[in-house]
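Engineer: Here's a structure for you.
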Amino acid sequence: KEIGQTLRYKARFKRAGGDAVVADRPFNVDSISRASMGDGAVLQCMEPDDNANRLQMTLVPVGAGGRVFVADLKVTARDFSRERSGSVFGCSESSHQIISAENDPLKGTR
Numbered sequence: 069k070e071i072g073q074t075l076r077y078k079a080r081f082k083r084a085g086g087d088a089v090v091a092d093r094p095f096n097v098d099s100i101s102r103a104s105m106g107d108g109a110v111l112q113c114m115e116p117d118d119n120a121n122r123l124q125m126t127l128v129p130v131g132a133g134g135r136v137f138v139a140d141l142k143v144t145a146r147d148f149s150r151e152r153s154g155s156v157f158g159c160s161e162s163s164h165q166i167i168s169a170e171n172d173p174l175k176g177t178r
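In my numbering, the protein residues as written are 69 to 178.
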């Protein structure tokens, strides 16, 4: 997608014990990636060792000429805020990202 275009994607949350609810990070990042890079762009999206602070992805974005990318994301900070009404909240996450290309573009592709 281009800058300024609206992304439409599904988000999911899950229970984390007691009354706590947390974002289903692999599902949400997968969904955002598909919305922005094409439906078939995500080959894999997982939390290694069930570590909620890490995410590993294998990607083949539309328009990348068949290049396969591996992305390793590590959360470095999180923040959360709630409106007074309690029905609206905001959240943010900072991460360190290492992205590497696993191959050269395929001939005859764009």
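Where is the CB? At the ideal position from N, CA and C, for every residue including glycine.
With a CB to CB cut of under 8 Å and the five nearest residues on each side skipped, what residues in its chain are close to G134?
Structural biologist: So the qualifying residues of the chain are V128, N171, P173, L174, T177.
Engineer: Between V110 and the rest of its own chain, which residues show a CB-CB distance below 7 Å, the 5 nearest in sequence each way excluded?
Structural biologist: Excluding sequence neighbours, V110 sits near D98, S101, R102, M125, L127.
Engineer: Take the Cβ of C113 as the centre, count every other Cβ of all protein chains shown within 10 Å, and call the residue buried at 16 or more, exposed below.
Structural biologist: Buried, since its Cβ has 16 or more Cβ neighbours within 10 Å.
Engineer: For R93, is the classification buried or exposed, using 16 other Cβ atoms within 10 angstroms of its Cβ as the cut-off for buried?
Structural biologist: Flag for R93 reads buried.
Engineer: Assuming D117 is part of the alpha helix (DSSP H), what are its boundary residues?
Structural biologist: First-last for D117: undefined, no H or E at that position.
Engineer: Could you say which of A84, Q165, V90 lies nearest to G158 if we only look at CA atoms?
Structural biologist: It is V90 whose Cα lies nearest to the Cα of G158.
Engineer: On the DSSP letters alone, give me the boundaries of the beta strand (DSSP E) that I100 sits inside.
Structural biologist: I100 -> not in any beta strand (DSSP E); alpha helix (DSSP H) instead, spanning 93 to 105.
Engineer: Of the residues A139, E161, F95, T74, which one's Cα is nearest the Cα of D147?
Structural biologist: Cα-wise, what sits closest to D147 is E161.
Engineer: Determine the direct distance from the alpha carbon of F81 to that of A139, and round the result to whole angstroms.
Structural biologist: Taking the straight line from one Cα to the other gives about 23 Å.
Engineer: Can you tell me whether L141 is buried or exposed, with buried defined as 16 or more other CB within 10 angstroms of its CB?
Structural biologist: Classification of L141: buried, given that the 10 Å Cβ count is 16 or more.
Engineer: Out of curiosity, what's the CA-to-CA distance linking I71 and V130?
Structural biologist: Cα to Cα, the separation comes out at about 16 Å.
Engineer: Quick one: Cα of G154 to Cα of A88, how far?
Structural biologist: In a straight line, the C-alpha of G154 is about 15 Å away from that of A88.
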